[in-house]
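Asker:
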Amino acid sequence: MSTSMILLVLAVLVVLALVVVAVVLINQRNSRLRAARAEQAGQLRAQAAAHDGPIAASRDRADEAAGRAAEARREAQIAEREAAEAERLLAQDQARQEDQLRTADHLDPHGEAIPEHPAGATGPVTEAAPAPDDYSPTDPAVDPAMDPAVDPAVDPAIDPDGRHRA
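In the working numbering, the protein residues as written are 1419 to 1584.
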């Protein structure tokens, strides 16, 4: 073997040795980095686990608030149903009152009060004597201008303001 060949083999061996050393050093550095990252990840996990208590407390508060909101919605629905029922009863009472006033106006179209009652008061609803059939000054058959269908202004049950008189 010649010297140049020996030098060439030695140069290749030195380069291979340097490559092996470089690979070993890189692997060691990567191992240290992996260990450092694993340690850092462990610390982060420990810190996250330390926050389990506050997260559980926050979750409990959120669940309680959701429960209160659901209860408030149920109560609101009940209140809405009660309000609707009260409005329905009010409408019935108003209709009943209006019917009584119309009946009173039909029985006494001029609004003349019974002597023991003040003017405009109809008193308790009792069985009254029927109106005379022979003549009524507000009978639409006698005076068509007094027909509320022809002129709403003459309807005895309606105030001049357009509201039903009470």
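The beta carbon of each residue, even a glycine, is placed where N, CA and C say it ideally should be.
What did DSSP end up calling residue 1419 once you bin it into helix, strand or coil?
Answerer: Reduced to three states, the DSSP call for residue 1419 is coil.
Asker: Apply the 10 Å Cβ neighbour rule to residue 1509 and answer buried if 16 or more other Cβ atoms are within range, or exposed otherwise.
Answerer: Exposed.
Asker: Take the Cβ of residue 1522 as the centre, count every other Cβ of all protein chains shown within 10 Å, and call the residue buried at 16 or more, exposed below.
Answerer: Flag for residue 1522 reads buried.
Asker: Considering just the uninterrupted stretch of the alpha helix (DSSP H) at residue 1485, what are its terminal residues?
Answerer: Unbroken alpha helix (DSSP H) run through residue 1485: 1470-1525.
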